[in-house]
Amino acid sequence: EAGVAQSPRYKIIEKRQSVAFWCNPISGHATLYWYQQILGQGPKLLIQFQNNGVVDDSQLPKDRFSAERLKGVDSTLKIQPAKLEDSAVYLCASSLGGTSEETQYFGPGTRLLVL
Amino acid sequence: GNSVTQMEGPVTLSEEAFLTINCTYTATGYPSLFWYVQYPGEGLQLLLKATKADDKGSNKGFEATYRKETTSFHLEKGSVQVSDSAVYFCALNDDYKLSFGAGTTVTVRA
């Protein structure tokens with residue numbers, strides 16, 4: 020079974036530029052998550068989708084971050100404009116139905132460096 | 088709100104030593120508890136989980152027991168190997184989202 024796919028794996032940009040990350044979840048998983056992992060910290064949830072609807076985006080900095088999951092399958096996360104403090108690994112995860120007991124499956128992540 | 092506190096690292100052990108990583112949590116409800124592991128160069132993967140009090144999760148020789156009375160989910164392994172070198176994250180899910188601890192880096196020397 021194919022895992023969660025993410026691209027690109029690495030990205031280096033200048034501050035104030037824009038960047039987009041792509042995620043394809045495990046087939047059949049209704050719930051998709053984007054996490055931000057700053058060096059030395061645990062992942063922090065940015066946004067959660069159930070199919071193509073947003074369940075929780077309370078920790079998403081909406082003035083610069085946006086995300087969509089138009090057809091309820093793959094998703095993109097965008098940052099515009101980027102700041103130095105956005106340097107982090109962006110993780111995508113998916114799960115079957117989004118319940119608290121379920122395992123979330125993580126992709127390899129996109130490592131972003133903002134200069 | 089929900090939070091997880093885990094033992095700070097780094098932890099360095101010799102092969103066949105006993106490993107314990109402490110994890111305590113704060114939650115408003117009855118969370119499910121998880122240990123995730125990140126091996127060098129790889130993504131996060133589930134190591135084990137427990138979904139209710141007194142449950143024991145186990146995998147690859149690792150164990151953790153959900154202790155509601157002490158709000159803890161400590162990870163243990165009786166005899167570590169070099170291949171267990173990784174970053175270990177304790178996490179809880181109480182409101183459909185995972186809250187992670189800061190991670191503990193474990194290095195096992197041959």
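If you read the sequences in order, they're chains A and B. Counting with the working numbering, you get residues 20 to 134 for the letters of the first sequence. Counting with the working numbering, you get residues 88 to 197 for the letters of the second sequence. We put the CB at the ideal spot given by N, CA and C, even for glycine. Note that this is a predicted model, so its numbers are computed, not measured.
Original post:
Exposed or buried, which one is D171(B) when buried takes at least 16 other CB atoms within 10 Å?
Top reply: Result: buried.
Original post:
Under the rule that 16 or more other beta-carbon atoms within 10 Å means buried, what is A178(B), buried or exposed?
Top reply: A178(B) counts as buried, since at least 16 other C-beta atoms from the protein chains shown sit within 10 angstroms of its C-beta.
Original post:
Quick one: Cα of S145(B) to Cα of E33(A), how far?
Top reply: C-alpha separation (whole angstroms): 45 Å.
Original post:
What residue does the beta strand (DSSP E) around K30(A) start on, and which one ends it?
Top reply: That run of the beta strand (DSSP E) goes 29 to 32.
**OP:** Entirely within the region 119 to 156 of chain B and at least 4 residues each: give me those alpha helix (DSSP H) ranges in chain order.
**Re:** Runs of alpha helix (DSSP H) with 4 or more residues, each lying fully within the region 119 to 156 of chain B, are absent.
Original post:
Since L131(A) is in the beta strand (DSSP E), which residue starts that stretch and which ends it?
Top reply: For L131(A), the enclosing beta strand (DSSP E) has its first and last residue at 129 to 133.
**OP:** Answer yes or no: do N71(A) and G47(A) have a C-beta to C-beta separation smaller than 8 Å?
**Re:** Cβ atoms of N71(A) and G47(A): not closer than 8 Å.
Original post:
Taking Cβ-Cβ distances shorter than 8 Å, what residues in chain D pair up with P118(B)?
Top reply: This model lacks chain D altogether; the protein chains it does include are A and B.
Subject >> Straight-line Cα distance separating A137(B) from S114(A) >> reply: When only Cα atoms are considered, S114(A) and A137(B) end up about 17 Å apart.
Original post:
Of all the options G148(B), K139(B), L131(B), which has the alpha carbon lying nearest to the alpha carbon of T107(B)?
Top reply: Ranking G148(B), K139(B), L131(B) by Cα distance to T107(B) puts G148(B) first.
**OP:** Rounded to whole angstroms, what's the CA-CA distance from L131(B) to Y124(A)? Just pull it up for me.
**Re:** Between the C-alpha atoms of L131(B) and Y124(A) there is a straight-line separation of about 8 Å.
Subject >> DSSP three-state assignment for L101(B), whether helix, strand or coil >> reply: For the record, residue 101(B) in the displayed sequence is Ser; it is not Leu. Strand at S101(B).
**OP:** Check whether the Cβ atoms of K184(B) and L103(A) sit closer than 8 Å, and answer yes or no.
**Re:** No. Outside cutoff.
Subject >> Reference C111(A), options P100(A), I45(A), S77(A), closest by Cα >> reply: Closest by alpha carbon: I45(A).
**OP:** Say whether chain B places a C-beta atom closer than 8 Å to the C-beta of F125(A).
**Re:** Yes, because at least one Cβ of chain B sits closer than 8 Å to the Cβ of F125(A).
**OP:** Taking L36(B) as the reference, give the member of I31(A), T122(A), Y52(A), Q69(A) with the closest Cα.
**Re:** Because chain B is modelled from 88 through 197, residue 36(B) falls outside the range shown and cannot be assessed.
Subject >> Outcome for T99(B) when other beta-carbon atoms lying within 10 angstroms are tallied against a minimum of 16 >> reply: Burial check for T99(B): the Cβ neighbour count within 10 Å stays below 16, so the residue is exposed.
Original post:
Across which residues does DSSP place E163(B) in a beta bridge pair?
Top reply: In DSSP, E163(B) forms a bridge with T107(B), E150(B).
Subject >> Cβ pair L162(B), A173(B) closer than 8 Å >> reply: Against a cut-off of 8 Å, the Cβ pair of A173(B) and L162(B) comes out as no contact.
Original post:
Can you tell which of G188(B), T115(B), G88(B), Q168(B) has the C-alpha that lies nearest to the C-alpha of N109(B)?
Top reply: Ranking G188(B), T115(B), G88(B), Q168(B) by Cα distance to N109(B) puts G188(B) first.
Subject >> Cα-Cα separation between Y109(A) and S101(B), rounded to whole angstroms >> reply: Those two C-alpha atoms are separated by around 33 Å.
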